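If you're matching positions, the sequence shown starts at -8 in my numbering and goes up one per residue. Cβ atoms here follow ideal geometry from the backbone N, Cα and C, with glycine treated the same way. Given the structure is predicted, the values throughout are model-derived calculations rather than measurements.
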Amino acid sequence: MRVLLLGPNGQLGHDIRSAHEEAGEPFELLPLARDRLDVSVSGAVERVLDEFAFDALVNCTSYHKTDEVEDNATLAFAVNAHAVHAMARACAAKRARFFHVSTDYVFGGDVTRAQPLREEDPPSPVNVYGASKAMGETLARRTCEDAVILRVSSLFGVAGPSGKSENFVDTIIRLGQEKEVLRVVDDQVMSPTTAVDVARLVLRMLMDGCAPDLYHVVNTGSASWFEFAREIVRRAGIHTTVAPCTSAEYPTRAVRPRYSVLDNGKVSAAFGPMPPWQDALERYLSTKANVTSQIVPTVSSKKTRLITFADRYFLMTTDQAPPSEIAEWLRDPLFAAYVLKHRLR
Ligand SMILES: NC(=O)c1ccc[n+]([C@@H]2O[C@H](COP(=O)([O-])OP(=O)(O)OC[C@H]3O[C@@H](n4cnc5c(N)ncnc54)[C@H](OP(=O)(O)O)[C@@H]3O)[C@@H](O)[C@H]2O)c1
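In structure tokens:
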């Protein structure tokens, strides 16, 4: 099987490539980055896809800087809708499967909603980004019989979102180290989701097969951005106060859904339960911290341990102070949390 991957360097694209490697490269995966195919250029999708034979196409491209998109609707509809239409046409012509990634932001118009949204609930976007993605979904499904639409939400992945440099988790960790108080909106509720869990599911769907359909692919559970931030800070061991605020206190160019929690029952029934977002966050923090620990030879007679942590290096002798004192000595809240949790010494 040969699979084309568009948007291979974004958060999800990166994790799909990693999941493919982890699984032992069970099929041929061809990443096509922006330098090879700029999907916003009229006619480019048709021209470039025509050069390849493929059995499935996975589209992770998106123009999703939600506030910026409000003033750039033409580009948003070009990338998120017209290019998707062209991909669906190419897949239909080649009898290839089309995996297209969409968003919880196709919802939000039902302001009284307080129950997780199911696949059969009608889209009701409240901003240009959501409207462009909703149009992409419709065109994909109408054009390609074998289209699988995966709606994901509030992604955090090790690659960080394209053009934004850091995702919400990384931003909260950075700000939490700089500020004593973080104010975060408590009136937007969503499904925090790690890109790696979506990527692994995409791989299973490609290999095991699945019905062409619309699927909500999110980690289990829900949180407001405030609740999510509070959990990030707690698990990372950062000493800052997270305080709730309202969207009205921090107006943004684009309106956001007040409630866009996705019900992942359909995908869980077919492929097994999606992990809770708290578990996903814990795994993300461990991966991102990239902690390694090894005994290294030194000039002194004492055994010395080299600890690599988030691209920084620490040396400590093994018969030094207990972990709590080492942590204090290093004065690095994330590192301290890690040392205490894993009892490194
Ligand atoms: N991030 C979220 O919180 C979130 C939430 C809900 C849904 N989603 C959806 O999930 C999917 C993946 O999101 P993500 O977080 O992985 O996004 P991402 O990290 O920003 O990656 C987007 C990818 O799209 C590529 N791209 C953008 N414009 C392009 C163009 N004109 N031509 C070719 N490639 C282009 C980018 O290429 P470069 O690497 O060259 O910039 C990047 O590889 C998207 O469909 C998004 O709408 C994301």
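Helix, strand or coil: which one does DSSP assign to residue i?
i       : result
Ser53   : coil
Leu(-3) : strand
Tyr206  : strand
Phe68   : helix
Arg142  : strand
Glu110  : coil
Tyr250  : strand
Leu28   : coil
Arg226  : helix
Ala245  : coil
His5    : helix
Phe147  : strand
Glu42   : coil
Ser238  : helix
Thr211  : strand
Ala14   : coil
Thr231  : coil
Looking at residue i and ligand 1, is the gap between the Cβ and the nearest heavy atom below 8 Å?
i       : result
Arg38   : no
Pro(-1) : yes
Ser213  : no
Tyr250  : no
Gln2    : yes
Asn50   : yes
Asn71   : yes
Gly263  : no
Gly148  : yes
Leu28   : yes
Met95   : Residue identity check: residue 95 is Asp in the sequence provided, not Met. Yes; taking the cut-off as 8 Å, the Cβ of Asp95 has a heavy atom of ligand 1 nearer than that.
His207  : no
Should residue i be labelled buried (16 or more other beta-carbon atoms within 10 Å of its own) or exposed?
i      : result
His230 : exposed
Lys124 : buried
Met198 : exposed
Arg191 : buried
Met196 : buried
Sorry if obvious, but does the Cβ on residue i come closer than 8 Å to a heavy atom of ligand 2?
i      : result
Ala122 : By its list of ligands, the structure shown excludes ligand 2, since it contains just ligand 1.
query: Within the chosen definition, does the stretch 96 to 112 reach the stretch 62 to 72 through at least 3 CB pairs nearer than 8 Å?
result: Result no; under three Cβ-Cβ pairs closer than 8 Å.
- prompt: Using 8 Å as the Cβ pair cut-off and three pairs as the minimum, do the stretch 39 to 52 and the stretch -6 to 1 touch?
  reply: Short answer: they touch.
- request: Inspect the CB distances between the stretch 21 to 34 and the stretch 82 to 91 and report whether three or more fall short of 8 Å.
  value: These segments do not touch.
task: Check whether the stretch 216 to 231 touches the stretch 33 to 50, taking contact to mean three or more Cβ pairs, one atom from each stretch, closer than 8 Å.
output: By the C-beta criterion, the stretch 216 to 231 is judged not to be in contact with the stretch 33 to 50, since fewer than 3 inter-stretch pairs fall below 8 Å.
message: Count Cβ pairs between the stretch 172 to 188 and the stretch 206 to 224 that sit closer than 8 Å; are there 3 or more?
response: The stretch 172 to 188 makes contact with the stretch 206 to 224, as at least three CB pairs between them are under 8 Å.
- prompt: Which runs of the beta strand (DSSP E) spanning at least 3 residues fall entirely within the stretch 73 to 128, listed in chain order?
  reply: Within the stretch 73 to 128, the complete beta strand (DSSP E) runs of at least 3 residues are 88 to 94.
task: Could you tell me whether the stretch 264 to 278 touches the stretch 128 to 140, where touching means 3 or more Cβ pairs closer than 8 Å?
output: Cβ pair count under 8 Å is below three, so no.
- prompt: Is the stretch 179 to 186 touching the stretch 136 to 147 in the sense that three or more CB pairs, one from each, lie closer than 8 Å?
  reply: The stretch 136 to 147 vs the stretch 179 to 186: in contact.
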